[in-house]
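Q: If you scroll down you'll find the structure; I have some questions about it.
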């Protein structure tokens, strides 16, 4: 008996639509209320934001829309700017803009390639790009004037009832060594409009992160569960954190916390602020802390006085009873401290990633002992080691990120590679290894594999054909009704 497509749960449609492009999702949303709701769940789940007036205006429009605002779960803020706010870039004439700014940051490998690309445009085209560039830079200045950024973020967040998290990042760009593989139409809308793309490390400051944090915590979101920040300078981040310590208690509902720092100092009075933040995150399920690199060849860290020491970050009395995923990068510690941390979370911890971890030289620590401890005491489903695992004296495991040369370096499986193989975890319960459900945590429910398999014969006839019809109708009815939706549901790289 065929399954009626209208009787299927909304979550099933959402799963089916996951591989579709944004244009296809927009097409489906124009055909029926059922498909529209599932498509909008994916189109508006994450709102990508830039330091740009158009991007902020789009966020405001979505937050005011009676239907679209219900689907927003995350705001992802790219804090890169085209140029420093103190520069005179917004006053550049056409000649100066072409000479100093046009085609920069697009990922071309050299200045000569940038000049070649500039020469491919007519003067009239360059005038349009120049005009857009001046508007964009002026918009950046307006956003950062006084508290405009915070006010606009708070106005929008207040109107998003389902918002669960905020993410701050600086998006990296691809490098194009030749003109043959360069396509401007595939670049971000900033590049397509201004012929300039922000560099991932240029003119970025932590004020954007704290503006986003301020807006989210001022509203006191009921389901605030995700906070992420990457490419943060630790010094500036820590100074900002001190000003917001009174908000840390609001983080008790956080389930996912990821903080990635690109620079850290060795000591300072604000270095403990990160541990104070973590002590308020009592509901954590996933934690990632990264300091990018220890610079082991240049720094001789002899004791636990640095800001990236494990005990400075995670005090010994810290314990998260729901923690399942732990990722640490560029951390100095001792074998005893690391074992104590892992043992406290042994009942729940299922995923572990260690990268660039150094045991302090004045401690009796061994990575071989740690590997044996993990095999004996933990019940991990996923383990990843990468870069350098160093004990400060005679033991330094160099692990490539992709592990492609493991079979060359270790022709017979060594203890480190054994630890990374899931079948060696003697402590793993049989029920956990044979788990047959699909975890749809992002939608708050689970679908049993057996039920899904029994539905597939009928679903193949009753779902595939009806879903093909809306895509065909897209060319007929789409242009008549999609203008508003296209404007707000912009592609992720165009946000």
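In the working numbering, the protein residues as written are -17 to 477.
Cβ coordinates follow ideal geometry from the N, Cα and C atoms, glycine included.
No experiment lies behind these values; they were computed from the predicted model shown.
1) Apply the 10 Å Cβ neighbour rule to residue 373 and answer buried if 16 or more other Cβ atoms are within range, or exposed otherwise.
2) Comparing the CB of residue 60 with every heavy atom of the ligand ATP, is any distance shorter than 6 Å?
3) Whether or not the region 1 to 8 and the region 97 to 105 are in contact is what I'm after, with contact meaning three or more pairs of Cβ atoms, one per stretch, closer than 8 Å; do they touch?
4) According to DSSP, is residue 121 part of a helix, a strand, or is it coil?
5) Should residue 85 be labelled buried (16 or more other beta-carbon atoms within 10 Å of its own) or exposed?
6) On the DSSP bridge assignment, give the partners of residue 151 in chain order.
7) Residue 242 bridges to which residues according to DSSP?
8) Which same chain residues, not among the five before or five after residue 471, have their C-beta less than 7 Å away from its C-beta?
9) To which residues does DSSP link residue 78 through a beta bridge?
10) Based on the DSSP secondary-structure assignment, which residues constitute the bridge partners of residue 340?
11) Looking only at its own chain, which residues have a Cβ that is under 7 Å from the Cβ of residue 380, when we skip the five neighbours before and after it?
12) Does DSSP put residue 547 in a helix, in a strand, or in coil?
13) Since residue 233 and residue 262 should fall inside the 8 Å C-beta cutoff, what is the C-beta to C-beta distance between them, to a whole number of angstroms?
14) Does residue 291 pass the burial test, meaning 16 or more other C-beta atoms within 10 Å, or should it be called exposed?
15) Less than 8 Å between the CB atoms is what I'm expecting for residue 362 and residue 331, so what's the real figure, rounded?
16) Please report the distance separating the alpha-carbon of residue 478 from that of residue 39.
17) Under the three-state reduction of DSSP, which class applies to residue 165: helix, strand or coil?
18) Can you pull the DSSP bridge partners for residue 33?
19) Which first and last residues belong to the beta strand (DSSP E) in which residue 214 is found?
20) Using a Cβ-Cβ cut-off of 7 Å (strictly less than) and excluding sequence neighbours within five positions of residue 138, which residues of its own chain qualify?
21) Have a look at residue 316 and residue 347 and give me their C-alpha separation to the nearest angstrom.
22) Mark residue 34 as exposed unless 16 or more other C-beta atoms lie within 10 angstroms of its C-beta, in which case mark it buried.
23) Within 10 Å of its beta-carbon, does residue 419 have 16 or more other beta-carbons around it, so buried, or fewer, so exposed?
24) Please report how far the alpha carbon of residue 23 lies from the alpha carbon of residue 352, in whole angstroms.
25) Please tell me whether residue 367 and residue 342 are closer than 7 Å, where the distance is taken between their beta carbons.
26) Touch check for the region 87 to 94 and the region 216 to 223: three-plus C-beta pairs under 8 Å?
27) Would you report the Cα separation of residue 216 and residue 187, rounded to the nearest angstrom?
28) Since residue 58 and residue 152 should fall inside the 8 Å C-beta cutoff, what is the C-beta to C-beta distance between them, to a whole number of angstroms?
29) Within 8 Å, do at least three Cβ pairs link the region 165 to 180 to the region 233 to 242?
30) How would you label residue 125, buried or exposed, when you count the other beta carbons within 10 angstroms and need 16 or more for buried?
31) From which residue to which residue does the beta strand (DSSP E) around residue 380 run?
32) Going by DSSP, what residue range makes up the alpha helix (DSSP H) through residue -7?
33) Classify residue 291 as helix, strand or coil using the three-state DSSP reduction.
34) Consult DSSP for residue 307 and reduce its assignment to one of helix, strand or coil.
35) Going by DSSP, what residue range makes up the alpha helix (DSSP H) through residue 255?
A: For this structure:
1) Along the chain shown, one-based indexing puts residue 373 at 391. Residue 373 should be labelled buried.
2) The ligand ATP is absent from the structure shown, which contains no ligand whatsoever.
3) Segments in contact, no.
4) Indexing the chain shown from 1 puts residue 121 at position 139. Residue state, collapsed to three classes: helix.
5) Numbered from its first residue, the chain shown carries residue 85 at position 103. Residue burial annotation: residue 85 is buried, with at least 16 other C-beta atoms found within 10 angstroms of its C-beta.
6) As a working mapping, residue 151 is identified with position 169 in the chain shown. Under DSSP, residue 151 forms a beta bridge with 60.
7) The residue you call residue 242 lines up with position 260 of the chain shown. Looking at the DSSP output, residue 242 bridges to 272.
8) Locating residue 471 in the chain shown gives position 489, counting from the first residue. Closer than 7 Å at Cβ, skipping near neighbours: 4, 8, 25 and 26.
9) Position 96 of the chain shown holds residue 78. Its beta-bridge partners do not exist; DSSP assigns none.
10) For the purposes of this step, residue 340 is taken as residue 358 along the chain shown, with counting starting at 1. Per DSSP, the beta bridge partners of residue 340 are 314 and 372.
11) Translated into positions along the chain shown, residue 380 becomes position 398. Hits under 7 Å: 370.
12) Residue 547 lies beyond the stretch modelled for the chain, which goes from -17 to 477, so this question has no answer here.
13) Your numbering for residue 233 matches position 251 in the chain shown. Your numbering for residue 262 matches position 280 in the chain shown. With a Cβ gap of about 5 Å, residue 233 and residue 262 count as contacting.
14) If you number the chain shown from 1, residue 291 lands on position 309. Buried, since its Cβ has 16 or more Cβ neighbours within 10 Å.
15) The sequence position of residue 362 within the chain shown is 380, counting from 1. The sequence position of residue 331 within the chain shown is 349, counting from 1. About 7 Å separates the two Cβ atoms, so the contact holds.
16) No statement about residue 478 is possible, as the shown extent of the chain runs from -17 to 477 and does not include it.
17) As a working mapping, residue 165 is identified with position 183 in the chain shown. If DSSP states are grouped into helix, strand and coil, residue 165 belongs with coil.
18) As a working note, residue 33 is residue 51 in the chain shown. Paired residues: none, contrary to the question.
19) Translated into positions along the chain shown, residue 214 becomes position 232. 208 to 215 is the span of the beta strand (DSSP E), which, as asked, contains residue 214.
20) Indexing the chain shown from 1 puts residue 138 at position 156. Closer than 7 Å at Cβ, skipping near neighbours: 41, 42 and 45.
21) Within the chain shown, residue 316 is the residue found at index 334, counting from 1. Within the chain shown, residue 347 is the residue found at index 365, counting from 1. Going by the C-alpha atoms only, they are around 6 Å apart.
22) Position 52 of the chain shown, counted from the start, is the residue given in the question as residue 34. Per the 10 Å Cβ criterion, buried.
23) Translated into positions along the chain shown, residue 419 becomes position 437. Bear in mind that the predicted position of residue 419 carries a pLDDT of just 33, short of 50, making it unreliable; the figure below should be weighed with that in mind. Taking every protein chain shown into account, the CB of residue 419 has fewer than 16 other CB atoms within 10 angstroms, so this residue is exposed.
24) For the purposes of this step, residue 23 is taken as residue 41 along the chain shown, with counting starting at 1. For the purposes of this step, residue 352 is taken as residue 370 along the chain shown, with counting starting at 1. Straight-line Cα distance between these residues: approximately 44 Å.
25) Numbered from its first residue, the chain shown carries residue 367 at position 385. Numbered from its first residue, the chain shown carries residue 342 at position 360. Residue 367 is not a Cβ neighbour of residue 342, given a cutoff of 7 Å.
26) Contact check between the region 87 to 94 and the region 216 to 223: fewer than three CB pairs, one atom from each, fall below 8 Å, which does not count as touching.
27) Here residue 216 refers to the residue found at position 234 of the chain shown. Here residue 187 refers to the residue found at position 205 of the chain shown. The alpha-carbon atoms of residue 216 and residue 187 are separated by roughly 11 Å.
28) Indexing the chain shown from 1 puts residue 58 at position 76. Indexing the chain shown from 1 puts residue 152 at position 170. Residue 58 to residue 152, Cβ: 11 Å. No contact.
29) No, because fewer than three Cβ pairs between the region 233 to 242 and the region 165 to 180 fall closer than 8 Å, the two stretches do not touch.
30) Against the chain shown, residue 125 aligns to sequence position 143. With 16 or more other Cβ atoms inside 10 Å of its own Cβ, residue 125 counts as buried.
31) Translated into positions along the chain shown, residue 380 becomes position 398. Residues 378 to 381.
32) Reading the chain shown from its first residue, position 11 is the one you call residue -7. From DSSP, the alpha helix (DSSP H) with residue -7 extends over -8 to -1.
33) Along the chain shown, one-based indexing puts residue 291 at 309. Assigned with DSSP and collapsed to three states, residue 291 falls in strand.
34) Stepping through the chain shown from its first residue, residue 307 is reached at position 325. Residue state for residue 307 is assigned as strand, using DSSP reduced to three classes.
35) Along the chain shown, read from residue 1 onward, the residue named residue 255 stands at position 273. Start and end: 255 to 261.
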